[in-house]
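Quick note: the sequence shown uses full-length UniProt numbering, first residue 1, plus one each step. First up is the structure itself, then whatever we jot down about it.
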Amino acid sequence: MSTTASPTGLADPDELDLRLPVSYLAEGHSVRSWLLTTDHKRIAILYAVTITVFFFIGGAAATLVRLELATPEADLLRADTYNKLFTLHGVVMVWFFLIPSIPNTLGNFLVPLMIGARDVAYPKLNLVSWYLNVGGGMLAVAALLLGGVDTGWTFYVPYSTVFSNTWVSLTVLGVFTTGFSSIATGVNFIATIHLLRAPGMTWFRLPLFVWAMYTTSLMFVLATPVLAVTLLLVFAERTFGLPIFDPARGGDPILFQHLFWFYSHPAVYIMVLPAMGVVSELITCFARRKVFGYTFMVYALVAIAVIGFFTWGHHMFTSGMSPFAALVFSFLSFIVAVPSAIKVFNWTGTLYRGQVGFESPMLYALGFVGLFTLGGLTGLFLASIPIDVHVQDTYFVVAHFHYIMVGASVSAYFGGLHFWWPKITGRTYPETWARFAAILMFFGFNLTFFPQFVAGYLGMPRRYHVYPPEFQIWNVLSSAGAAVLAVAYLMPLGYLTWSLLFGKRATNNPWDASGLEWRTTSPPPRQNFFGSPQVQGGPYNYHPEGVAPVHDQPRLPSQGSLT
Numbered sequence: 001m002s003t004t005a006s007p008t009g010l011a012d013p014d015e016l017d018l019r020l021p022v023s024y025l026a027e028g029h030s031v032r033s034w035l036l037t038t039d040h041k042r043i044a045i046l047y048a049v050t051i052t053v054f055f056f057i058g059g060a061a062a063t064l065v066r067l068e069l070a071t072p073e074a075d076l077l078r079a080d081t082y083n084k085l086f087t088l089h090g091v092v093m094v095w096f097f098l099i100p101s102i103p104n105t106l107g108n109f110l111v112p113l114m115i116g117a118r119d120v121a122y123p124k125l126n127l128v129s130w131y132l133n134v135g136g137g138m139l140a141v142a143a144l145l146l147g148g149v150d151t152g153w154t155f156y157v158p159y160s161t162v163f164s165n166t167w168v169s170l171t172v173l174g175v176f177t178t179g180f181s182s183i184a185t186g187v188n189f190i191a192t193i194h195l196l197r198a199p200g201m202t203w204f205r206l207p208l209f210v211w212a213m214y215t216t217s218l219m220f221v222l223a224t225p226v227l228a229v230t231l232l233l234v235f236a237e238r239t240f241g242l243p244i245f246d247p248a249r250g251g252d253p254i255l256f257q258h259l260f261w262f263y264s265h266p267a268v269y270i271m272v273l274p275a276m277g278v279v280s281e282l283i284t285c286f287a288r289r290k291v292f293g294y295t296f297m298v299y300a301l302v303a304i305a306v307i308g309f310f311t312w313g314h315h316m317f318t319s320g321m322s323p324f325a326a327l328v329f330s331f332l333s334f335i336v337a338v339p340s341a342i343k344v345f346n347w348t349g350t351l352y353r354g355q356v357g358f359e360s361p362m363l364y365a366l367g368f369v370g371l372f373t374l375g376g377l378t379g380l381f382l383a384s385i386p387i388d389v390h391v392q393d394t395y396f397v398v399a400h401f402h403y404i405m406v407g408a409s410v411s412a413y414f415g416g417l418h419f420w421w422p423k424i425t426g427r428t429y430p431e432t433w434a435r436f437a438a439i440l441m442f443f444g445f446n447l448t449f450f451p452q453f454v455a456g457y458l459g460m461p462r463r464y465h466v467y468p469p470e471f472q473i474w475n476v477l478s479s480a481g482a483a484v485l486a487v488a489y490l491m492p493l494g495y496l497t498w499s500l501l502f503g504k505r506a507t508n509n510p511w512d513a514s515g516l517e518w519r520t521t522s523p524p525p526r527q528n529f530f531g532s533p534q535v536q537g538g539p540y541n542y543h544p545e546g547v548a549p550v551h552d553q554p555r556l557p558s559q560g561s562l563t
């Protein structure tokens with residue numbers, strides 16, 4: 001292998017001997033080579049295909065729900081069918097799309113590249129995690145085919161354990177199984193980041209995306225076992241009749257809520273922290289500026305992960321908890337907004353005086369900031385006990401968590417997918433269509449969910465398939481927005497697939513970005529790098545320290561070199 005040095009002294013992947021097999025995609029084309037692979041990059045592709053399938057299954061269920069809600073009467077679906085559809089939508093989208101979306105796809109692909117490693121610490125465990133995810137998803141889809149589940153994605157007891165005659169046990173088993181996939185992924189990332197960083201890659205030289213994956217992995221490992229035990233108890237009570245949650249036999253249904261939300265509120269940050277990491281990478285690149293307040297951004301990620309474990313009780317203000325406990329949870333819920341606000345402030349500071357470009361990944365990132373900010377502000381409403389009591393179990397809550405969990409997280413996922421698509425596939429996509437899809441997604445999402453804030457505040461309850469006629473205008477707007485949003489979600493599937501067949505070959509660093517992942521070929525080789533990465537400075541070297549970027553200023557040397 002022969003390499004030449006760039007003017008900065010770095011090994012230039014554009015000048016590598018291209019007669020060598022440089023692509024991980026060329027390491028076998030059979031189905032067996034993919035299903036038995038231990039390459040983190042191929043496993044990321046397997047996850048991407050899997051979550052895309054689940055995304056459209058959950059999206060199809062949501063489409064039917066919105067069609068039903070376009071009119072006040074039950075014109076399309078019966079009550080039991082409606083209950084099964086919104087349960088399917090919630091279960092599939094939360095556990096089989098949103099939670100694994102960024103960590104298991106972009107995280108799997110990028111973390112080793114960003115820290116200069118050849119692979120994750122436990123490649124075989126990485127593959128096992130994908131099989132666990134697929135196995136859990138197949139159990140949940142089997143429950144759908146056998147008749148569905150009507151409990152909602154929260155599986156509230158005692159209805160789910162005593163009264164429901166649907167396939168609750170099979171669905172719970174599916175979610176239980178995929179929880180072990182999350183734990184395996186978290187253990188792998190923690191070990192990888194601790195043990196396999198390239199020489200010179202100190203903790204405060206890590207890209208913010210890696211920090212986001214690290215904090216998310218800690219939450220995977222610490223929170224997911226609580227969900228697993230909770231679902232196991234539901235399965236045991238339903239299957240073996242153990243009196244755990246049934247109040248008629250001395251059980252405590254409120255205990256289930258404490259256990260479930262102890263996991264499920266951190267799960268919100270499991271979805272959002274990776275998105276924050278992606279957006280940090282996009283904004284610094286397309287503003288051509290160092291991240292404003294890098295150290296504060298790191299501490300904000302850690303603070304969100306830690307404080308997120310102590311805020312679960314704000315889901316239970318109307319469940320009968322003591323006024324003192326409610327006050328404590330309300331206070332903590334306000335506190336967790338502080339590090340989130342720090343991140344928004346620092347993203348804004350990064351954009352200030354930057355050479356801002358509006359390529360499609362940046363449009364998705366800016367959409368994330370807008371949606372996350374609105375979702376976070378409405379979260380403060382729900383942290384306020386009097387307001388929460390008023391809007392509890394209304395569409396106000398539905399709109400709030402969709403702004404955070406779907407609007408913000410999915411925008412970041414699509415932004416990251418577009419940003420690293422040339423690195424992943426070695427192909428470029430039509431930028432005009434990508435920009436249009438990003439703008440359409442932002443518009444369609446707001447048209448879908450902002451009217452639900454109004455309907456919820458006016459008193460429309462969630463999970464009802466019939467409603468008073470005075471709420472129809474808000475539901476018509478929401479259903480129209482869902483149609484626009486569906487088009488915006490389908491467009492990338494079309495043009496990204498097209499790019500695999502007809503897209504131009506990408507250069508190794510089409511965005512002129514910093515970071516080790518851009519110091520290798522597009523797509524990368526099986527071993528990730530031609531040479532041994534050496535890290536010589538911090539990330540995001542877009543301009544000298546303490547100096548604002550100027551137009552056409554050349555970027556400083558990348559974070560690392562290859563020796």
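Cβ coordinates follow ideal geometry from the N, Cα and C atoms, glycine included.
Inset, instruction - Report the three-state DSSP secondary structure of Thr394 (helix, strand or coil). - result: It is a strand residue.
Legend entry - Cβ pair Phe209, Leu110 closer than 8 Å: Cβ distance < 8 Å, so Phe209 and Leu110 count as in contact.
Legend entry - Residues bridged to Val484 [DSSP beta-bridge criterion]: Beta-bridge annotation (DSSP): Val484 is not paired with any residue.
Legend entry - Segment limits, beta strand (DSSP E) that includes Gln257: Boundaries around Gln257 are those of the alpha helix (DSSP H), Pro253 to Ala287, since no beta strand (DSSP E) includes it.
Inset, instruction - Could you pull the start and end residues of the beta strand (DSSP E) that Gln534 belongs to? - result: Residues Pro533 to Val535.
Inset, instruction - Tell me Pro461's beta-bridge partners as DSSP assigns them. - result: Paired residue(s): Thr394.
Inset, instruction - Could you check which residue in Val391, Ile387, Trp211 and Val398 has the C-alpha nearest to that of Phe296? - result: Phe296 has its Cα closest to that of Trp211, out of Val391, Ile387, Trp211 and Val398.
Legend entry - Glu237, enclosing alpha helix (DSSP H) - first and last residue: The continuous alpha helix (DSSP H) containing Glu237 extends over residues Leu208 to Phe240.
Inset, instruction - Report the residue from Lys343, Thr230, Phe317 and Ala455 whose alpha carbon sits nearest the alpha carbon of Phe331. - result: Considering only alpha carbons, the answer is Phe317.
Inset, instruction - Measure the beta-carbon distance from Leu282 to Ala341 and round it to whole angstroms, keeping in mind my assumption that it falls under 8 Å. - result: Taking 8 Å as the upper bound for CB-CB distance, Leu282 and Ala341 are not in contact here, some 20 Å apart.
Inset, instruction - State the CB to CB distance for the pair Leu77 and Leu88, rounded to an integer number of angstroms; the pair is presumed to be in contact (CB under 8 Å). - result: That pair is no contact at about 12 Å.
Legend entry - the region 228 to 248 contacting the region 158 to 167, beta-carbon criterion three pairs below 8 Å: Counting Cβ pairs under 8 Å, three or more are found: they touch.
Inset, instruction - Report yes if the C-beta distance between Val389 and Val279 is below 8 Å; otherwise report no. - result: No, the pair does not count as a contact, with Cβ atoms beyond the cut-off.
Inset, instruction - Express the C-alpha separation of Pro524 and Arg533 in angstroms, rounding to a whole number. - result: A small fix is needed here, since residue 533 is Pro in this sequence, not Arg. Our two residues, Pro533 and Pro524, have alpha carbons roughly 14 Å apart in a direct line.
Legend entry - Segment limits, alpha helix (DSSP H) that includes Trp130: Judged by DSSP secondary structure, Trp130 falls within the alpha helix (DSSP H) whose first and last residues are Pro123 to Leu146.
Legend entry - Cβ-Cβ separation, Gly293 to Asn346 (assumed contact under 8 Å), whole Å: Indeed they touch by this definition, with Cβ atoms about 5 Å apart.
Legend entry - Beta-bridge pairing of Arg353 - partner residues as DSSP gives them: When DSSP reads this structure, Arg353 sits in no beta bridge, so it has no partner.
Inset, instruction - Report yes or no: do the region 216 to 225 and the region 183 to 195 share at least 3 C-beta pairs separated by less than 8 Å? - result: Segments in contact, yes.
Legend entry - Neighbour-count burial assignment, Glu545, 16 or more Cβ in a 10 Å radius: Label assigned to Glu545: exposed.
Legend entry - Backbone secondary structure at Arg118 - three-state DSSP: Per DSSP, reduced to three states, the secondary structure at Arg118 is coil, with no helix or strand assignment.
Legend entry - Integer-rounded CB distance, given that Ser360 should sit under 8 Å from Ala486: Separation of the CB atoms of Ala486 and Ser360 is rounded to 19 Å, and the pair is thereby denied contact status at 8 Å.
Legend entry - Closest by C-alpha distance to Tyr156, when choosing among Ile183, Leu233 and Ile51: For the set Ile183, Leu233 and Ile51, the Cα lying nearest the Cα of Tyr156 is the one of Leu233.
Inset, instruction - Inspect the CB distances between the region 371 to 391 and the region 416 to 430 and report whether three or more fall short of 8 Å. - result: The region 371 to 391 is not in contact with the region 416 to 430.
Legend entry - Inter-stretch contact at 8 Å, needing at least 3 Cβ pairs: the region 193 to 207 / the region 112 to 127: With a cut-off of 8 Å, the region 112 to 127 and the region 193 to 207 count as touching, because enough Cβ pairs lie within range.
Legend entry - Glu431 to Gly375 span [Cα, whole Å]: Computed Cα separation, rounded: 28 Å.
Inset, instruction - Can you grab the Cα-Cα spacing for the pair Thr171 / Tyr542, in whole Å? - result: Thr171 and Tyr542: Cα-Cα distance of roughly 49 Å.
Inset, instruction - Look at the alpha carbon of Phe443 and the alpha carbon of Phe453, and state the distance between them as a whole number of angstroms. - result: Going from the Cα of Phe443 to the Cα of Phe453 covers about 16 Å.
Inset, instruction - Please state whether DSSP places Pro21 in a helix, a strand or coil. - result: Caution is warranted here: a pLDDT of 49 is assigned to Pro21, below 50, making its placement in the model unreliable, and the coordinate value is therefore given only provisionally. Correct three-state label for Pro21: coil.
Inset, instruction - Rounded to whole angstroms, what's the CA-CA distance from Ala62 to Ala305? Just pull it up for me. - result: Cα-Cα distance, rounded: 30 Å.
Legend entry - Three-state secondary structure assigned by DSSP to Arg505: Strand, per DSSP.
Legend entry - Helix, strand or coil at Arg78 according to DSSP, with G and I counted as helix: Three-state result, Arg78: coil.
Legend entry - Helix, strand or coil at Gly427 [DSSP, three-state]: For the record, residue 427 in the displayed sequence is Arg; it is not Gly. Three-state DSSP puts Arg427 in a strand.
Inset, instruction - Count the C-beta pairs between the region 251 to 262 and the region 167 to 184 that are closer than 8 Å, then say yes if the count reaches three, no if not. - result: Fewer than three pairs of CB atoms, one per stretch, sit closer than 8 Å, so the region 251 to 262 makes no contact with the region 167 to 184.
Legend entry - Under the three-state DSSP convention, the category Asp388 falls into: Helix at Asp388.
Legend entry - Closest residue to residue 572 among Phe445, Gly426 and Met93 (Cα-Cα distance): Here the chain comprises residues numbered 1 to 563, so residue 572 is not present and cannot be evaluated.
Legend entry - Boundaries of the alpha helix (DSSP H) in which Arg42 is found, first to last residue: Under the DSSP assignment, Arg42 falls in the alpha helix (DSSP H) whose first and last residues are His40 to Glu68.
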